[in-house]
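Here full-length UniProt numbering runs 1 ahead of the position in the sequence shown, where the first position is 1.
Below: the structure, in structure tokens.
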Amino acid sequence: ANIVLSVRDLYLYYRTRKGVVKAVDKVSFDLKRGETIAIVGESGCGKTSLARAIIRLLPRNVEKFDGVISLNGTDVMKMDEEEFRKRVRWQKISYVFQGSQNALNPVIKVGFQIAEPLMIHKGMGKEEALAEAKKYLRLVGIHESFLDRYPFELSGGMRQRAVIAMALVTNPDVVILDEPTSALDVITQANIINLLKRIKQEMNISYIFITHDVPLTSELADRVAVMYAGQIVELSDADEFYVSPKHPYSEKLMASVPTLRTDKKLEYIPGTPPSLINPPSGCRFHPRCPFAYERCIKEEPPLAETSKGSLVKCWLVHEGKR
Ligand code: SF4
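Below you can see the structure in the form of structure tokens.
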């Protein structure tokens, strides 16, 4: 029903001097129209690689890039680079990459930078594109007089709004937001989240929201996907997830972040995120999992549905012990 983006068995491996990095290792999920999926996990778990695989901005040393990415029913993985660039990237799927508020061109006026995707990807003339840019500037809560300003004349929060306007201006189906508020102070962060929420409702747009900051997602996410060592280990409805995360790693992740609502003691997750070159056997979380037992070391658990409708990749859950 109304699925915009469907990802099936997506792989992205790349070569390094130390070996093949399995950054995205058989990832599947669906994204509905108007829905936000938060993709959470520690750094180095493959979140950004997943984003880059979806919008096909790949490293040069790709070893394996495979799977199905179907956008409005069309498998875009079958398109060659030329067709993908013309029809999909920035038009149908756009991407606010990490730190992008600092990547605006310092010598080009903000309005022109927002208008540019329309000229490049939609063949619009300059006047028409600038008129559109003005609309989107207003949409993100910036006064249109800023059209003629340079990036340095904007605050960090305003630059981030401008970058969001750039991602929206082509009216895409899906916007991928990679740590979109990480460089901002808490108040500005909250303002950006509220902005994204309002735009989502007004434009019925779908977001993939990538972050290591789990509580940040709670205002925006409809579902939460937890990534660990290149794989999704839990995919749950947000309401369910924030109250009772199912996977032991999700639970640790939740307990390791401060929240405003409780004053409980912060835990930390023991050990370090696993190598993506030689991931642990069986369940990749087993070296850090307090519940690990025999089976976890030997056999990889499937990502399977629980009675609550969540998908979880854990033997303990599948054996009904949790
Ligand atoms: Fe822990 Fe085993 Fe579940 Fe992995 S499968 S999360 S090691 S209990």
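Ideal Cβ placement from N, Cα and C applies to all residues, glycine included.
Proximity to residue i [Cα-Cα], best of the options
i	options	result
M80	I143, N62, L185 and I55	I55
I200	V108, V225, E180 and R162	R162
R61	K110, R16 and S276	R16
Q202	D214, L221 and A168	L221
T218	P181, V97 and S50	P181
D223	V8, L13 and R34	R34
D186	V77, S156, Y12 and F30	S156
Y151	E117, G112 and L197	G112
P302	S276, K93 and H248	H248
T189	G74, G158 and M78	G158
P216	N172, S251 and I4	S251
R9	F85, V164 and T75	T75
V22	E64, F30, P246 and K253	E64
G142	W316, E129 and A166	A166
E235	K198, V164, L197 and T307	T307
P291	K198, H319, K253 and A239	K253
Close Cβ partners of residue i (< 6 Å) along its chain, the five nearest in sequence each way excluded
i	result
L6	L32, L72 and V175
K299	G283
G20	I278
E36	S207 and D223
L13	A24, V25, S50, A54 and F66
R323	L317
I4	D31 and K33
V89	V77
Buried or exposed by the 16-neighbour rule on C-beta atoms within 10 Å, applied to residue i
i	result
G100	exposed
residue 1	Outside the shown range of the chain, which is 2 to 323, sits residue 1, and nothing can be said about it.
H144	exposed
L58	exposed
Y294	exposed
residue 1	Since the first and last residues shown for the chain are 2 and 323, residue 1 lies out of range.
E154	exposed
K48	buried
T212	buried
I109	exposed
S257	exposed
K87	exposed
P107	exposed
R18	exposed
Cβ pair residue i, residue j closer than 8 Å
i	j	result
I70	I209	no
I177	A305	no
S207	V225	no
V244	G42	no
L148	L138	yes
R160	Q102	yes
A168	Y229	no
W316	R296	yes
Contact set for residue i: own chain, Cβ-Cβ below 7 Å, skip 5 residues either direction
i	result
A104	none
K309	E241
S183	Q99
M78	G68, V69 and I70
residue 359	With the chain covering only 2 through 323, there is no way to say anything about residue 359.
P173	Q92, K93, I94 and S95
F30	V8, I38, A226, I233 and L236
H122	W91, Q92 and T171
S44	H213
E82	none
K198	E220 and L221
Proximal residues to residue i (C-beta, below 8 Å), its chain only, five neighbours per side dropped
i	result
G126	M120
C46	M228, Y229, A230, G231 and P274
P271	R289
N205	R34 and G35
F85	R57 and V77
A239	A39, T218, S219, A222, D223, R224 and V225
Beta carbon proximity, residue i to chain D, threshold 8 Å
i	result
T171	The question asks about chain D, but that chain is absent: this structure has only one protein chain.
| task | State whether the segment 273-280 contacts the segment 18-26, with contact taken as three or more CB pairs (one from each stretch) at a distance under 8 Å. | result | Of all C-beta pairs linking the segment 273-280 to the segment 18-26, three or more are shorter than 8 Å, placing the two stretches in contact.
| said: Between the segment 186-205 and the segment 122-134, can you find at least three pairs of beta-carbon atoms closer than 8 Å? | reply: Touching, no, given that fewer than three Cβ pairs across the two stretches are closer than 8 Å.
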